[in-house]
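Structure, as structure tokens:
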Amino acid sequence: MEKLSLPQVTVLYFARSAELTGLREEELVAVPTPISSGDLWALLLRKQPRLVALQSRVILAVRRQYVAIGNQRLSLQDGDEVAVVPPLSGG
Amino acid sequence: MAQEVCSLKAQLEEKEKEIAHLKNKLALLEKSNASVLEVQDKVTPLNPLTAKPALSNEDIMRYSRQLLLPELGVKGQLNLSGASVLIVGCGGLGCPLAQYLAAAGVGRLGLLDYDEVELSNLHRQVLHGEENQGQAKALSAARAVKRLNSTVECIPYHLQLSPKNALQLIQQYDIVADCSDNVPTRYLVNDACVLSGKPLVSASALRMEGQLTVYNYCGGPCYRCLYPLPPPPETVTNCSDGGVLGVVPGIMGCFQALEVLKIASGQASSCGQQLLMFDAQGFRFRPIRLRPKQADCAVCGESPSVTQLIDYEAFCGSAATDKCRKLNLLSKDQRITVQEYKSVVDNSGLHILLDVRPLVEVDICHLPFSLNIPLSSLEQRKSEDIQLLQQRIVQLKQQMAGDCQPPVYVICKLGNDSQKAVQVLEKMSGSELDNITVKDICGGLMAWATKIDTRFPQY
């Protein structure tokens, strides 16, 4: 019988999100799937509460594809990459 | 006889060489005189720029190595000669960008920057030299670019881009490159490009990271489609606070040059619906596929609410500069000046000097008698740091007669973080720590360096 398990995804933190979490990446185990993009962001916030500073001013990308934080339904698979990308303004 | 002929011939040859040398020198001088750079302090109308009908022999030789590319070819090179590009910001991104665009033969470059060259710019703003300190960056960049390719028309703008002049300026160029260093300017440039229908090749860099996107191009999103709301000003880090490794904006500026050249020569940019992220530390490149422009975008959407330029400093809650903001969080009696602190030291007043900068900055310079606990450790109540501070307070109390509260003076680089630290410490005083009197040293170590000890390093 095939074992049912929830996927493990890799979260990449860029710019300010890396400062806030003190991490460049981390593994997120047993992520429920399918999941809405809003719930995925909420999950990240529970794991890293300081990310709340970026609320509604951040880009989320799943498998290198932009997702709007909201109702978008995401099917996640083991090894998927989630990127948290706040804007950079320096030059 | 034969010897005399030989000698005369040799002398003649010598003179001919000298004449040729003088002719060359004159030609160069006349050429540079013909293209005197005039700094613009306001936006004025430009003559229309037309592409060259054909390449000269000199053009062919100069651009031969790129003419050989089927992707560019003669057609692409002629297109470049008729293209104009406005570079907003002649700093870490703008310098390499301007350099490669001029070298490649773009017809006209507008170089805009309101700032002057400083010593702390030179590690990344590679068009400026030591001798250009104090000079307008726009002029310094234009001169450097002219030396590289005198056939490129350079227009230096020594002015601040504003809602009043942005549209008039941007309308005169084919492509805009955002190389600015602050959030309000990024929104201003975006909106002006949307309103005048210009592609915007935008890059940014900080610390060890960079980002690149081409906005408002072939149905792709604009900056506001991605970031409808500006970040709260207190969460924005600039290069003078956060630092940047010079080569990182160098790399991003080169990527910008690549995309500008593709668009200007008539090839398509491949970055129109992508955000490229570069993490220099981990050497990770991550292209992110973006969604198309958004129907509900405030400026490029179907029923936009922004139909003319607005007040971007008010919209972002911050000034259009990367200079550090001066916070004012405390009352007058919670602060002392560097002169007052100097007299505390001179009178051997018992106290603790708490330096709340990150360790990396303390390594650059510090006052010898300071205790270093970074603001972030205080905010996070790191137990070993709090214990260390408590020990020092107890020691000081033992040295002090009576039961007065030990004074703690808090210092940082410019006097912003130290104010935040005073607020944190006042909350801890009497609970997590023994009772203390906390004061902020106004203006921090940089005020100390300018007003008290000029041998103290500035950074």
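Residue numbers (the UniProt record's numbering), protein chains in the order written: chain A, 1 to 91; chain B, 1 to 459. Beta carbons: idealized from backbone N, C-alpha and C, even for Gly.
Give a yes or no on whether the C-beta atoms belonging to Leu229(B) and Ser56(A) are separated by under 8 Å.
When the beta-carbon positions are compared, Leu229(B) and Ser56(A) come within less than 8 Å of each other.
Burial state of His21(B) (16 or more Cβ within 10 Å):
exposed
Contact with chain A by Val43(B), beta-carbon distance below 8 Å
no
So, at 6 Å on beta carbons, what are the nonlocal neighbours of Asp417(B) in its own chain, with the 5 sequence-adjacent residues on each side left out?
Val356 and Leu375
What first and last residue would you give for the alpha helix (DSSP H) that runs through Cys95(B)?
Start and end: Gly94 to Ala104.
Coarse secondary structure for Met1(A), derived from DSSP in three states:
Bear in mind that the predicted position of Met1(A) carries a pLDDT of just 44, short of 50, making it unreliable; the figure below should be weighed with that in mind. In this structure, Met1(A) counts as coil in the three-state DSSP scheme.
Where Lys326(B) and Arg65(B) are concerned, what is the direct C-alpha to C-alpha distance, given to the nearest angstrom?
51 Å
From which residue to which residue does the alpha helix (DSSP H) around residue 110(A) run?
The structure shown has nothing for residue 110(A), since chain A only spans 1 to 91.
Thinking C-beta only, is Ala18(A) closer than 8 Å to Arg24(A)?
yes
Proximity of Pro406(B) and Lys439(B) at Cβ, strictly below 8 Å:
With a cutoff of 8 Å on beta-carbon distance, Pro406(B) and Lys439(B) are scored as not near each other.
Quick one: what's Val145(B) bridged to in DSSP?
The partner list for Val145(B) (beta bridge, DSSP) is empty, contrary to what the question assumes.
Please go through the UniProt domain "Rhodanese" (347–457) of chain B and give each complete alpha helix (DSSP H) segment of 4 or more residues, from N-terminal end onward.
359–364, 375–379, 383–399, 417–428 and 444–451
Under 8 Å, CB to CB, which of the residues in the stretch 46–78 of chain A have a partner in chain B?
Listed by position, the residues of the stretch 46–78 of chain A near chain B (Cβ gap below 8 Å) are Ala53, Leu54, Ser56, Arg57, Ile59, Ala61, Arg64, Gln65, Tyr66 and Ala68.
Let me know the secondary structure DSSP gives Gln77(A) once reduced to three states.
coil
When the cut-off is 8 Å and only beta carbons count, does Leu93(B) lie next to chain A?
yes
Report the rounded CA-to-CA distance for Val82(A) versus Pro45(B), giving the unit in angstroms.
48 Å
Span of the alpha helix (DSSP H), counted from its first residue to its last, around Ser270(B)
Note, Ser270(B): premise wrong, no alpha helix (DSSP H); not H, not E.
Any residues in the stretch 338–356 of chain B with a beta carbon nearer than 7 Å to a beta carbon of chain A? Which ones, in chain order?
none
Under 9 Å Cβ-Cβ, which residues of chain B neighbour Ser89(A)?
Ser180, Asp181, Asn182, Val183, Thr185, Arg186, Ser204, Leu206, Pro231, Val236, Thr237, Asn238 and Asp322
Contact under 8 Å by Cβ, Leu88(A) with Gln256(B)
Cβ distance not < 8 Å, so Leu88(A) and Gln256(B) don't count as in contact.
Alpha-carbon spacing of Met446(B) relative to Gln419(B), whole angstroms
15 Å
Using 10 angstroms around the beta-carbon of Gln387(B), count the other beta-carbons present and answer buried if the total reaches 16, otherwise exposed.
exposed
In angstroms, rounded to a whole number, what distance separates the CA positions of Ala372(B) and Ile364(B)?
Looking at the sequence itself, residue 372(B) is Asn, so the reference to Ala does not match. Looking at the two C-alpha atoms, the distance is approximately 13 Å.
Can you tell me whether Gly92(B) is buried or exposed? The criterion is at least 16 other CB atoms within 10 Å of its CB, across all chains shown.
buried
Who are the near neighbours of Lys397(B) in its chain, counting only those whose CB is closer than 6 Å to its CB and skipping five residues on each side?
Excluding positions up to five away in sequence, the list reads Pro406.
With a cut-off of 8 Å on the beta carbons, I'd call Asp80(A) and Arg63(A) a contact; round off their distance for me.
6 Å
Check the Cβ-Cβ distances between Asp296(B) and every residue of chain A, and say whether any is below 8 Å.
It does not; no Cβ of chain A falls within 8 Å.
Under three-state DSSP, which class holds Leu309(B)?
coil
Considering Cα atoms alone, identify which of Pro184(B), Ala177(B), Val126(B) and Ile60(B) is closest to Val247(B).
Val126(B)
With distances taken from CA atoms, which of Val183(B), Ala136(B), Gln294(B) and Lys342(B) is nearest Ser303(B)?
Among Val183(B), Ala136(B), Gln294(B) and Lys342(B), the Cα nearest to that of Ser303(B) belongs to Gln294(B).
When the cut-off is 8 Å and only beta carbons count, does Tyr227(B) lie next to chain D?
No chain D is part of this structure, whose protein chains are labelled A and B.
Out of curiosity, what's the CA-to-CA distance linking Gln72(A) and Ser37(A)?
5 Å
Please give me, in chain order, every unbroken run of the alpha helix (DSSP H) with length at least 4 that falls completely inside the stretch 166–212 of chain B.
166–170 and 183–196
Measuring straight from C-alpha to C-alpha, what distance separates Ser383(B) and Leu389(B)?
Taking the straight line joining both Cα atoms gives about 10 Å.
Inter-residue CB distance, Val88(B) and Asp174(B) (contact presumed, cutoff 8 Å):
In fact, because the Cβ distance is near 14 Å, the residues do not count as touching under 8 Å.
By how many angstroms is the C-alpha of Gln458(B) removed from the C-alpha of Lys413(B)?
9 Å
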